[in-house]
Structures are given as C-alpha cells and as structure tokens.
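Here the structure comes first, spelled out in structure tokens, and everything after it is commentary.
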Amino acid sequence: MSHIVVLGAGLGGLIMAYEMKAKLRREDRLTVINLGSSYSFVPSNPWVAVGWRQPADITVDFAPVLKQQGIELRPEGAKRVHPQENRVELNDSSSVDYDYLIIATGPDLAFDEIPGLGPDAHTQSVCDTNHALQAKVAFEALVKKPGPVVIGAVQGASCYGPAYEFAFILDTALRNARVRDRVPMTFVTPEPYIGHLGLDGVGDTKGLIESAMRNRHIKWITNARTTKVEPDKMVVEEVNDDGSLKAVHELPQAFSMLLPAFRGVPAVHGIEGLTNPRGFITIDKHQRNPAFPRIFAIGVCVAIPPVGKTPLAVGVPKTGFMIESMVTATAQNIAALLRGEEPKAVASWNAVCLADFGDDGIAFVAQPQIPPRNVNWSSQGLWVHAAKIGFEKYFLRKIRQGKPETFYENLVLDMLGIKKLKEIHLETAD
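Residue numbering for the sequence shown follows the numbering used here, starting at -16 and increasing by one per position.
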C-alpha cells in the first residue's frame, strides 16, 4: 500500500486528486491537504469585482465530493513540508506521512514587495475571491464618485491575462453605468509591449489588444516598474530597453487593481533542493523534483524560466491547458512508479486562454507555450465571452462531480477549427 498526498486544492490540486484517484490501486490511499474545503473558480473573480457574479455562484464545498470519491481531506492546511522525512507538518502541529507528495499549492501573493500594494493597502486585487468582493465595494464607490483608474501588473508578475481582462471588463461595467466618460484609464505593465503576456506574444495579441485599448480609450505604459502606491496616486518608473530610467509617472488614482508578483508559499519556500530562490518547485520533464524524487509538482507553484530577456522581470504564466497536461503526466508517472516502472509521461506545456473583455474577448493558442511554436494563433470576437461563460459552468460542474475528464484539448480543437464556442455555454447551461 502507498500513500499519495496532494498539497493544495485549487484549480490544479482538485483535478490532480480526481485524476490520481482514478489511477491508484485498490490498496492505495489518497489524501488532500488544504486550508479549509472551499474551492472558488478564480477565472471568474473579475466578474465578482464588478458585481456580475456573487461568490456563492463560483464557490464549491468539495469536502462531500472528496468523501464520495474515497479521498481523505485534511483541512488544517500545511505549515511546512519536510522532504527528508517524507512528511507534511500541518498548522495544528500534526503531520501527514507520504510515499509520494504532489505539490499544487499555487502561489503566495507578494503584495509586501511594493509599498502600498494590495487590498490591505491602496490597490485592489482579483487574485482571490475575497479580494474581488472587496474590489466590488471600491467599484461601487467609483461609480458613485468617478475618477482616474489604473489597472495592470507589477514587475515580477507572471499572469497577465487577468489584468487585461479586468481592464476591459471594468470599461464595460463603467459604460453600462454611464460613467465611463468621467473615468480616465491607464494600463501599466512590466511587459516590453502590450500583449506580450509573458510569452513573447501569441499570434497577433500585440495588435489585437492594442487596437482594443485604443477603441476603448485606455492608455498604457509598458516597461513599467511600480515603486509605490499612495491613497490617491501611483508612482511608476518607465524604463528603456536597456533598463535605464526613461520617465517617472505619478498617476492619479481613485481606483486601481494591480496583479502582484508571485512566489512560493511559506510551507515550501527556502527548502534547499526543492525550490528556486523565489520559492517555486524545481522539476524535471516528468514533473518530479530532482533532489527529492518522492515529490512532484504541478501548476503555478512550478518553476519555469522566463521567455527571453526583458528590461524588467516578466514571469511565464501557467495556463489551464498547461496545468491540465501537468496533472495527467504526473498521475501517469506516479501510477508507473506504483507498478515498479519508471516515469515516462511528459506534459505538453501548451497554452490556451480565453480572455473575456466583458462583451467580447480574445482567445489564443500557443503550442508549445515557449516559442518557436507549431501553433501560434489568436482571434477576437463575441464568441469568446460566451465561451468563457461556458468554461466557467463546465469547470464548476466538473469540480462538483469529481470527474477526472479533460477539457482544454477539445477546446483547442474547437478554436483552431474556428468553431463558435458559445455552443459550450448552451450545452452546459442545464
């Protein structure tokens, strides 16, 4: 009998548990460690922030689902991983021993690295559903008293899609409220150009997003290093391509939302051999840590080097398609080890994204995620908004039912076939 432990129950951790359970032998045990038993569909947080969703609409209590699947839940949360001892110390000082550990914690949000950043200071966030609910209060205040808005990401961030999404969703929500004409908007990002996305662009994301911003009167500053945020203004340094200072911008703000840089969570940060200096888990091509072969990792917590050199730190995103591929490879590799075989499965690390703009959106596919690519495709249209709604409904149903089935591969095939994915919304609406 072997005991497999999944640390984290977010987008990657839950589907990891479902898929791993399907591949275990009858005598094996599976445990999920997480702080609490609530799952929120993070991609819908921008909608929560403008009142288009309530937290209850996108939240699932997964404890009954795990119980039905025969998966043990430890809701105390992890305090520290002890890889030399093959155990995870929990927040109540108890421990869980493992034969194989799959780390799927997601990131720690590094708001503290910039003075005044974060929902406890002077900017809003859509990284967490509670943050998004707090942003909704600020959004309602903005509608009552319009003023300048700054949206974007700070240096070191590695997930730019939600920043672009929120800028356009906010624009749509303000137009619906008939106050957009009194809200100047500026987008700030460390990316060297609009639409870089940490991927050096995909298809014509640069042209598509720049055009969308011009059409919606959103100004932008690229190569932007945010230095501090005050209650009524943000200080941003714009740098040249060689990293030298080009200009200092003091941007007035009545409302702002900046994505922070990510780092590894405290339970793993600083463990020699397990993580890089930022606390992300180092892995080989089989999702396995080289120093501790009983540990695998999937999702945002995995260390991936940046795509090329940029003047400011621009991280690489871990999209849902990539995470799903990591999950499948990890489940296959641990199943092989349980049979006395060597790991062989390798994640594809492709990228697919549906970026909702409130009333239309942009979709892109990068195969592989890191260029040069076999597929480098992007498209804009009303169908993307419908597809994002369909994806939300599908994924939440998948979490509620405990299904290990994949989704992104079929989504990619549909998009490359230029099929309008609003059909997904209609099929899952029941």
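In this text, a Cβ means the ideal position worked out from N, Cα and C, and glycines have one as well. None of the values given here were measured: they were computed from a predicted structure.
query: Tell me whether H232 sits in a helix, a strand or coil according to DSSP, three-state version.; result: strand
query: Just mark I401 as buried or exposed, buried being the case when its beta carbon has 16 or more other beta carbons within 10 Å.; result: A caution first: I401 carries a pLDDT of 41, below 50, which makes its placement in the model unreliable, though a value can still be read off. With fewer than 16 other Cβ atoms within 10 Å, it is exposed.
query: State whether the stretch 315 to 333 contacts the stretch 193 to 209, with contact taken as three or more CB pairs (one from each stretch) at a distance under 8 Å.; result: no
query: In the DSSP output, what is R261 paired with across the bridge?; result: Paired residue(s): none; R261 is not in a bridge.
query: Tell me whether P354 is buried or exposed, calling it buried when 16 or more other Cβ atoms sit within 10 Å of its Cβ.; result: exposed
query: Three or more C-beta pairs closer than 8 Å, one from the stretch 28 to 40 and one from the stretch 223 to 239: is that the case here?; result: no
query: In angstroms with no decimal places, state the Cα-to-Cα distance between E255 and I264.; result: 10 Å
query: To the nearest whole angstrom, what separates the beta carbons of A87 and G(-9), a pair I think is in contact under 8 Å?; result: 4 Å
query: Please list, in chain order, all residues of the same chain as H(-14) whose beta carbon is under 6 Å from its beta carbon, the five residues on each side excluded.; result: R12, Y81 and D82
query: Enumerate, from N- to C-terminal direction, the unbroken alpha helix (DSSP H) stretches of 4 or more residues contained entirely within the stretch 243 to 293.; result: none
query: Grab the span of the alpha helix (DSSP H) containing V48 for me, first residue to last.; result: A46 to Q52
query: So, are the CB atoms of V(-12) and V109 less than 8 Å apart?; result: no
query: Under DSSP, the alpha helix (DSSP H) around D154 begins and ends at which residues?; result: G144 to N159
query: Does DSSP put G298 in a helix, in a strand, or in coil?; result: coil
query: Tell me which same chain residues have a C-beta within less than 6 Å of the C-beta of S331, skipping the five on either side of it?; result: S308
query: Tell me where the beta strand (DSSP E) around L13 begins and ends.; result: R12 to I16
query: Taking its Cβ as the centre, do 16 or more other Cβ atoms sit within 10 Å of A124, making it buried, or is it exposed?; result: exposed
query: Since V329 contacts H269 with CB under 8 Å, what's their CB separation in whole angstroms?; result: 7 Å
query: Is M3 helix, strand or coil by DSSP?; result: helix
query: What's the call for N333, buried or exposed, on a 16-neighbour Cβ count within 10 Å?; result: buried
query: What residue does the alpha helix (DSSP H) around V31 start on, and which one ends it?; result: N28 to A32
query: Are the stretch 245 to 252 and the stretch 216 to 233 touching by the rule of at least three beta carbon pairs closer than 8 Å?; result: no
query: CB-CB under 6 Å to G344, same chain, minus the five flanking residues each way: which ones, in chain order?; result: A338, V367 and H368
query: Is there contact here, the stretch 376 to 388 with the stretch -6 to 11, by at least three beta-carbon pairs under 8 Å?; result: yes
query: On the criterion of 16 or more Cβ atoms from any shown chain inside 10 Å, does V120 qualify as buried, or is it exposed?; result: exposed
query: Rounded to the nearest angstrom, what separates I16 and E59 at their Cα positions?; result: 7 Å
query: Just confirm the distance between the C-beta atoms of K445 and T169, as a whole number of angstroms; I'd bet it's less than 8 Å.; result: Residue coverage of the chain in this structure runs from -16 to 413, which leaves residue 445 outside it and unanswerable.
query: Residues in the same chain with beta-carbon distance under 6 Å from Q315, minus the five sequence neighbours each way, listed in chain order, please.; result: A328
query: In angstroms, rounded to a whole number, what distance separates the CA positions of C284 and R246?; result: 8 Å
query: Spell out a yes or no on whether the stretch 292 to 301 and the stretch 173 to 190 are touching, meaning 3 or more CB-CB pairs, one atom from each, closer than 8 Å.; result: yes
query: On the criterion of 16 or more Cβ atoms from any shown chain inside 10 Å, does R197 qualify as buried, or is it exposed?; result: exposed
query: With a Cβ-Cβ cutoff of 8 Å, do I134 and A156 count as a contact?; result: no
query: For G34, count neighbouring C-beta atoms within 10 Å of its own C-beta (all shown protein chains included) and say buried if the count is 16 or more, exposed if not.; result: exposed
query: Taking the alpha carbon of K62 as the reference point, which residue from I54, E72 and L257 has its own alpha carbon closest?; result: E72
query: Using CA coordinates, which residue listed in I204, R158, V185 and A115 is at the minimum distance from V137?; result: I204
query: Suppose the cutoff is 6 Å on Cβ atoms and the five residues either side in sequence are ignored; what does the same chain contact list for N223 look like?; result: K229
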